[in-house]
Amino acid sequence: MQRVLDRHGAVLAELADDGSLARPEALRGDIRRILLDSLPAGTVRWGRKLLEATPLGDGRHELTFADGSTAVSGLLVGADGTWSKVRPLLSDRKPAYAGVSYIDTYLHDVDERHPEAAEAVGNGAMYALVPGQGFLAHREAGDVIHTYVILNRPVEWFTAIDFADAGAARQRIAAEFEGWAPALISLITDGETRPILRAIHRLPDRHRWDRTPGVTLLGDAAHVTVPGGEGANLAMLDGAELGQAIAAHPDDPETACTTYEEVMFRRGEAEAIAARDTVELIFGAGAPHDLAELLNGTGRTSPGTRALPHTRQPSGNG
Ligand SMILES: Cc1cc2nc3c(=O)[nH]c(=O)nc-3n(C[C@H](O)[C@H](O)[C@H](O)COP(=O)(O)OP(=O)(O)OC[C@H]3O[C@@H](n4cnc5c(N)ncnc54)[C@H](O)[C@@H]3O)c2cc1C
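The sequence shown begins at 0 in numbering that gives the first Met the number 0 and counts up by one.
Next comes the structure, spelled out in structure tokens:
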């Protein structure tokens, strides 16, 4: 179920799940567990934070970790998110602030303790919007509501807030929603976890590099953009396709990387443009009516063809 509300809490659109599982949703923790359980024990070395990768020639790199240890890579794949330490080996582009931030907050035992908020959010995803700001909340398993409070303010506006002082931070954010329905404001003010700031950063839509021996990127490290509902899917698809390319060219990592990058570059660019379109649809000048029309089937795009960002994938972004 997805619903769109105006700032007063009136429901403008509601779309029930079609039951087809064509676009199944999953909690990030569940996906992570499934992927990790599929690997031989010991494949992932926890606690090894990469500080630096230094080219040694012939495609090899020396990796220096925060615990002081080092390793030499044959093929280095930077899957290390928005602030990738591997990316500078390939590209001098840095993610730039996208002009919007998300604040993460949770309510627990919602039916019992937060019935008004539970009623406003419903059983699935809820978007309460005006242009440039709003709430994106999701009812999760275990009687939990996970909310992103979204505000398009300069990054300095957020850094002036002391998020370590959770109560004061909540009040400061809530003040930007004066006149909104109390059930919506309670998603901030009743928050039971420390509000977490996620300043959204993005690379240029077209982010490519020349083939550089022994190193490539995937996921947000390669093409982080605004949350358009596909970032986790893209990261997993990149990883799967790179794996297939390596399996097809086990003795030739350069051909494997070229094959992988040709497809990944085109897809990353197309998806970055689509993600910006999605964010414009949700939070642009036409909010909340553009999204409501989409869900009501009276807009230009069918809801079945579009992914929407949910609160189920907390991000490495920001
Ligand atoms: C608010 C918000 C909502 C979103 N909603 C959705 C959604 O609904 N659907 C969707 O598909 N996507 C969504 N996304 C995007 C999605 O979260 C990302 O695109 C996705 O997580 C990218 O995966 P990744 O593996 O490339 O990077 P990450 O998930 O960032 O993972 C990178 C990993 O690298 C590790 N790492 C980082 N630096 C180092 C280092 N120096 N040394 C060692 N390890 C390191 C990190 O600990 C982390 O485990 C959303 C993003 C945001 C910000």
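By construction, the Cβ of each residue, glycine as well, lies at the ideal position given by its N, Cα and C atoms.
Residue i (DSSP reduced to helix, strand or coil)
i      : result
Met125 : strand
Leu38  : coil
Ser68  : coil
Leu55  : strand
Leu14  : strand
Leu50  : strand
Leu89  : coil
Pro23  : coil
Gly261 : Rather than Gly, the amino acid found at residue 261 in this sequence is Glu. The answer is helix: DSSP assigns Glu261 an H, G or I state.
Ala182 : helix
Ala9   : coil
Gly283 : coil
Gly73  : coil
Glu175 : helix
Assigned exposure category for residue i - 16 Cβ within 10 Å defines buried
i      : result
Asp39  : Position check: residue 39 holds Pro in this sequence, whereas Asp was assumed. Exposed, because fewer than 16 other Cβ atoms sit within 10 Å of the Cβ of Pro39.
Met0   : exposed
Glu24  : exposed
Gln132 : buried
Val71  : exposed
Gly141 : exposed
His137 : buried
Leu50  : exposed
Thr318 : Given that the chain is displayed from residue 0 to residue 317, the structure contains no residue 318 and the question cannot be resolved.
Ala291 : buried
Endpoints, beta strand (DSSP E) assigned at residue i
i      : result
His60  : 59-64
Glu292 : First-last for Glu292: 288-295, but that is the alpha helix (DSSP H), not the beta strand (DSSP E).
Val43  : Counting along the chain, Val43 falls outside any beta strand (DSSP E), and DSSP gives it neither H nor E.
Gly80  : Careful: Gly80 lies outside any beta strand (DSSP E) and carries neither H nor E.
Leu4   : 1-4
Nearest-angstrom Cα separation, counted from residue j out to residue i
i      : j      : result
Ser83  : Ala127 : 33 Å
Thr42  : Phe157 : 39 Å
Cys256 : Ser90  : 16 Å
His145 : Glu139 : 7 Å
Val225 : Glu61  : 32 Å
Ala274 : Gly230 : 9 Å
Phe176 : Leu135 : 14 Å
Leu34  : Val10  : 38 Å
Ile245 : Pro252 : 6 Å
His388 : Asn151 : The displayed coordinates of the chain run from 0 to 317. Any statement about residue 388 would go beyond what the structure contains.
Asn316 : Asp36  : Only weak support exists for where Asn316 lies, its pLDDT of 43 falling under 50; the value from the coordinates is given anyway. Computed Cα separation, rounded: 25 Å.
Pro153 : Lys48  : 30 Å
Trp179 : Ile30  : 35 Å
Gly190 : Thr104 : 6 Å
Ala247 : Gly56  : 24 Å
Arg207 : Leu216 : 10 Å
Val278 : Val99  : 10 Å
Asn122 : Asp110 : 11 Å
Pro287 : Asp5   : 6 Å
Met125 : Ala116 : 11 Å
Leu183 : Gly77  : 39 Å
Leu241 : Asp66  : 29 Å
CB contact below 8 Å: residue i versus chain B
i     : result
Pro23 : Of the protein chains in the structure, only one exists, and it is not chain B.
Practice task
Counting only runs of 4+ residues fully inside the stretch 188-254, write out the alpha helix (DSSP H) ranges in chain order.
Solution key: 219-222, 230-247
Problem - Ordered list of alpha helix (DSSP H) runs contained in the stretch 92-170, each at least 4 residues - result: 109-112, 114-120, 154-158
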